[in-house]
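Trainee: When you number the sequence shown by UniProt numbering, it's gap-free, plus one each residue, and the end is 155.
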Amino acid sequence: MNTTITCRNARPEDVEALYELIQGYAEKGIMLPRSREALLRHIDSFIVAEESGRLIGCGSLFRLGTDLVEIRSLGMADGYKGMGLGSRLVDALIEEARRMGVPKVMALTYAVDFFRKNGFEIVDKEIFPEKVWTDCVHCAKQHCCDEIAMLKLLA
Ligand SMILES: CC(C)(COP(=O)(O)OP(=O)(O)OC[C@H]1O[C@@H](n2cnc3c(N)ncnc32)[C@H](O)[C@@H]1OP(=O)(O)O)[C@@H](O)C(=O)NCCC(=O)NCCS
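#1: Counting Cβ pairs closer than 8 Å, one from the region 69-83 and one from the region 99-109, do we hit at least three?
#2: Using 7 Å as the cut-off, classify the Cβ of residue 113 as near or not near the heavy atoms of ligand 1, replying yes or no.
#3: By a C-beta neighbour count over all protein chains shown, 10 Å radius and 16 as the cutoff for buried, is residue 9 buried or exposed?
#4: For residue 56 versus residue 112, is the C-beta distance shorter than 8 Å?
#5: Considering only C-alpha positions, which residue in the set 59, 88, 63 and 51 is nearest to residue 75?
#6: Could you check where the beta strand (DSSP E) with residue 152 kicks off and where it finishes?
#7: Taking 7 Å as the cut-off, does the CB of residue 19 come closer than this to any heavy atom belonging to ligand 1?
#8: Please tell me whether, using a cut-off of 7 Å, the distance from the CB of residue 109 to the nearest non-hydrogen atom of ligand 1 is below it.
#9: Flag residue 45 as yes when its Cβ comes closer than 7 Å to any non-hydrogen atom of ligand 1, and as no otherwise.
#10: Helix, strand or coil: how does DSSP classify residue 10 here?
#11: Counting C-beta neighbours from all protein chains within 10 Å, is the total for residue 89 16 or more, i.e. buried, or is it exposed?
#12: Determine the direct distance from the alpha carbon of residue 134 to that of residue 86, and round the result to whole angstroms.
#13: Hey, residue 39 and residue 19 are a contact pair by Cβ (cut 8 Å); roughly how many whole angstroms apart?
#14: How many whole angstroms separate the CB atoms of residue 33 and residue 22, which I take to be in contact at a CB cut-off of 8 Å?
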């Protein structure tokens, strides 16, 4: 591929493309839905991957406590998977966590091998504070959660 793909902080004008990307995965049950309003409100927490002005991937960092952040809404558009871009987004989010001075990054995911390749380890969900689960009220699977909790400790 000759075009350049860049990762950058999201901007308010990305909301519609972010909404479409996340909604596609939410409908498949692998991401929580995010309203346009919520995306706009939390736009500063998102990093996007872009090719020729087109948004092709995203991920966000949500603070859960003084020492813990969660990677949320991580996804690549179809046709852009397996090219190392998801890992680039995770690197950028981890860099952001370091900048914030937060030593623990967690994710709730089905993509265990992907996160393992990015330095995360499977952990018991119980180790996380109650706050982690506040978002789960929006999830259809809240009473039968089968996502895996994964954690990376930053050096
Ligand atoms: C998960 C996702 C973000 C990974 O991004 P990506 O750009 O495809 O990943 P990379 O190219 O950086 O890394 C690819 C590696 O991760 C692994 N991987 C990718 N998707 C995976 C998945 N869903 N489950 C397990 N492993 C996965 C691949 O096996 C690959 O390993 P290899 O290099 O040894 O072949 C992307 O596949 C995606 O958008 N999936 C759908 C949404 C999703 O599941 N998001 C995670 C929610 S937390």
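For glycine and all other residues, C-beta sits at the position ideal for the given N, C-alpha and C.
Mentor: This is what the structure holds:
#1: Contact check between the region 69-83 and the region 99-109: three or more CB pairs, one atom from each, fall below 8 Å, which counts as touching.
#2: Here residue 113 is taken as the residue at index 113 of the sequence shown, counted from 1. Answer for residue 113: yes, Cβ within range of ligand 1.
#3: The residue given as residue 9 occupies position 9 in the sequence shown. The residue in question, residue 9, is exposed, as its Cβ has fewer than 16 Cβ neighbours within 10 Å.
#4: Translated into positions along the sequence shown, residue 56 becomes position 56. Translated into positions along the sequence shown, residue 112 becomes position 112. No, they are not a contact pair.
#5: Residue mapping note: residue 75 aligns to position 75 of the sequence shown, counting from 1. Selected option, being the one with the closest Cα: 59.
#6: To locate residue 152, count along the sequence shown from 1; it is residue 152. Start and end: 148-153.
#7: Working through the sequence shown from its first residue, we reach residue 19 at position 19. Incorrect: residue 19 has no Cβ contact closer than 7 Å to ligand 1.
#8: Mapped onto the sequence shown, residue 109 falls at position 109. Checking every heavy atom of ligand 1 against the Cβ of residue 109, one is found closer than 7 Å.
#9: Taking the sequence shown and counting its residues from 1, the one referred to as residue 45 is at position 45. Every heavy atom of ligand 1 is 7 Å or more from the Cβ of residue 45, so no.
#10: Against the sequence shown, residue 10 aligns to sequence position 10. DSSP places residue 10 in coil when its eight states are reduced to three.
#11: The residue labelled residue 89 in the question sits at position 89 within the sequence shown. Counting Cβ neighbours within 10 Å, residue 89 comes out buried, since at least 16 surround it.
#12: Your numbering for residue 86 matches position 86 in the sequence shown. Your numbering for residue 134 matches position 134 in the sequence shown. Cα to Cα, residue 86 sits roughly 26 Å from residue 134.
#13: Here residue 39 is taken as the residue at index 39 of the sequence shown, counted from 1. Here residue 19 is taken as the residue at index 19 of the sequence shown, counted from 1. Between the beta-carbon of residue 39 and that of residue 19 there is about 6 Å, and that keeps the pair under the 8 Å contact cut.
#14: Numbered from 1 along the sequence shown, position 33 holds the residue referred to as residue 33. Numbered from 1 along the sequence shown, position 22 holds the residue referred to as residue 22. That pair is a contact at about 7 Å.
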